[in-house]
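The structure appears right after this line, and notes come after that.
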């Protein structure tokens with residue numbers, strides 16, 4: 001009897017001292033799953049959602065224990081000094097391609113893998129390394145081997161060992177992020193899951209400080225003074241606070257016309273929700289309306305951030321078409337702006353990436369539609385495209401004049 005009481009106390013303590021999730025989100029998800037009467041979200045889909053929530057609750061005390069063991073056994077991780085570069089923009093705008101291309105330069109950058117976001121514990125990551133599980137993780141795909149899954153994998157390759165975006169952490173650990181909506185596609189949920197500004201001030205600070213600790217843990221494991229390379233797309237309501245937390249941070253802004261990114265994004269979200277929930281979300285009444293409106297507002301917010309909130313000299317603006325068509329000079333432009341020097345082997349790998357990109361066949365299709373209300377954002381995209389073109393012309397001039405290249409580097413520094 002005493003042992004049962006003791007275990008119960010320990011289990012309750014595991015919830016009380018848990019660094020995440022945002023418990024209000026957790027219980028709101030339960031409320032939607034149990035009481036929403038939308039019949040299209042069928043019993044099979046709800047069972048998957050219930051299992052996900054139950055698994056979270058069962059394992060939460062274990063994650064709490066591992067988190068605090070990290071604090072006890074590896075306190076030195078908190079001494080890591082972060083120099084972040086944040087890639088922002090809308091999904092399906094080339095941000096994953098950019099993120100993974102830059103992350104391959106491990107002499108200058110470090111990024112975080114999917115498995116590290118999902119299990120942000122030094123103990124777990126050391127155990128993975130000790131057991132030599134890296135090769136196995138490279139082959140564990142997010143996507144099932146089905147027709148829908150194979151299409152999703154072509155649109156966005158994703159294994160547990162791939163470099164992934166910060167949203168993976170907020171989604172998997174805090175249960176408060178736009179991405180949660182993909183597995184819990186209840187239209188009335190979206191505005192809540194995406195309302196970072198409406199969260200209590202103390203919890204906003206807690207979320208971002210916990211996120212910072214996770215990055216410091218990975219930097220501690222990687223060793224060396226490198227730049228942290230973040231990708232946090234379509235989460236722009238966090239960016240003002242992030243800029244305050246990291247005053248010297250740089251922001252690489254990647255944009256694509258709304259008609260292109262929205263059509264691609266709608267299809268990718270359908271693939272995610274179909275494979276993980278067994279539901280086509282566009283069949284849910286009201287889903288498409290709230291989704292498109294959310295993306296419209298977020299696109300306007302991104303435009304406002306870049307034009308009036310984020311310090312202009314800290315921005316590097318790129319367009320999707322010019323980056324994918326000119327990878328090497330675009331990356332060189334980024335390095336010049338960041339005052340970094342790529343080594344020869346990385347430059348050679350970039351040439352291969354460029355060649356592969358030119359030969360790439362998409363291998364999938366989707367419906368193309370027009371979306372209204374994105375005029376302001378599309379104007380910003382056109383402006384960014386012109387700016388990127390001028391930057392590429394400048395890079396071409398530097399290549400033709402090595403002396404001016406040296407001078408430019410000095411002037412920039």
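Numbering (the working numbering), first residue to last: 1 to 413. We treat Cβ as the ideally placed atom computed from N, Cα and C, and that holds for glycine. Predicted, not measured: the structure shown is a model, and the values here were computed from it.
Taken atom to atom, the span from the alpha-carbon of residue 275 to that of residue 167 is near 19 Å. In this structure, 370 is the residue among 370, 153, 35 and 146 with its C-alpha nearest to the C-alpha of residue 262. One alpha carbon belongs to residue 258, the other to residue 32, and they sit about 31 Å apart. In this structure, residue 130 lies away from residue 232, with their beta-carbon atoms at least 8 Å apart. Per DSSP, the continuous beta strand (DSSP E) segment holding residue 230 begins and ends at 227-231. Per DSSP, residue 149 lies in no beta strand (DSSP E) segment; the continuous alpha helix (DSSP H) that holds it begins and ends at 147-155. For residue 159, the three-state secondary structure derived from DSSP is strand. In summary, residue 256 is buried, with 16 or more beta-carbon neighbours lying within 10 Å of its beta-carbon over all protein chains present. For the beta strand (DSSP E) assignment, the uninterrupted runs of no fewer than 3 residues enclosed by the stretch 50-133 are, from N- to C-terminal side, 84-89. Residue 53 and residue 21 have their alpha carbons spaced roughly 11 Å apart. In this structure the stretch 107-116 does not lie against the stretch 266-285, because fewer than three pairs of beta carbons, one per stretch, are closer than 8 Å. Apart from the 5 residues on each side of it in sequence, residue 153 sits with its Cβ closer than 6 Å to the Cβ of 143 in its chain, given in chain order.
Per DSSP, reduced to three states, the secondary structure at residue 318 is strand. For residue 270, the closest C-alpha among the options 182, 312, 292 and 252 is that of 182. In the DSSP assignment, residue 290 falls within the unbroken alpha helix (DSSP H) covering 287-304. The shortest CA-to-CA distance from residue 135 to any of 100, 124, 159 and 149 is the one to 159. A distance below 8 Å separates the beta carbons of residue 388 and residue 318.
Rounded to the nearest whole angstrom, the C-alpha separation of residue 222 and residue 19 is 23 Å.
When C-beta atoms of the stretch 390-399 are compared with those of the stretch 322-338, three or more pairs fall below 8 Å, so the two segments count as touching.
In the structure shown, residue 279 adopts coil according to DSSP, grouped into three states.
Residue 267 and residue 9 have their C-alpha atoms spaced approximately 46 Å apart. In the structure shown, residue 170 adopts helical secondary structure according to DSSP, grouped into three states. Annotated three-state conformation of residue 1 is coil, per DSSP. Close CB contacts of residue 70 within its chain, under the 8 Å cut and outside five residues either way in sequence, are with 77, 121, 122, 123 and 217 (chain order).
The beta carbon of residue 140 sits closer than 7 Å to the beta carbons of 159 and 160 from its chain, once the five residues preceding and following it are set aside; these are given in chain order. When rounded, the separation of the alpha-carbon atoms in residue 74 and residue 213 is 12 Å. In the structure shown, the three-state DSSP call for residue 360 is coil. A straight-line Cα-Cα distance of about 30 Å links residue 99 and residue 201. Straight-line spacing of the CA atoms in residue 194 and residue 177 works out to 6 Å. Of the candidates 155, 28, 324 and 285, the residue whose Cα lies closest to the Cα of residue 355 is 324.
Judged by their CB atoms, residue 316 and residue 192 are not nearer to each other than the 8 Å cut-off.
Taking residue 377 as reference, the option from 173, 90, 6 and 350 with the minimal CA-CA separation is 90. Between residue 109 and residue 215, the C-beta gap is not smaller than 8 Å, which leaves the two residues out of contact. Boundaries of the beta strand (DSSP E) harbouring residue 254: 250-255, taken from the DSSP string. Beta-bridge partners of residue 141 (DSSP): 159. Assigned with DSSP and collapsed to three states, residue 234 falls in coil, not helix or strand.
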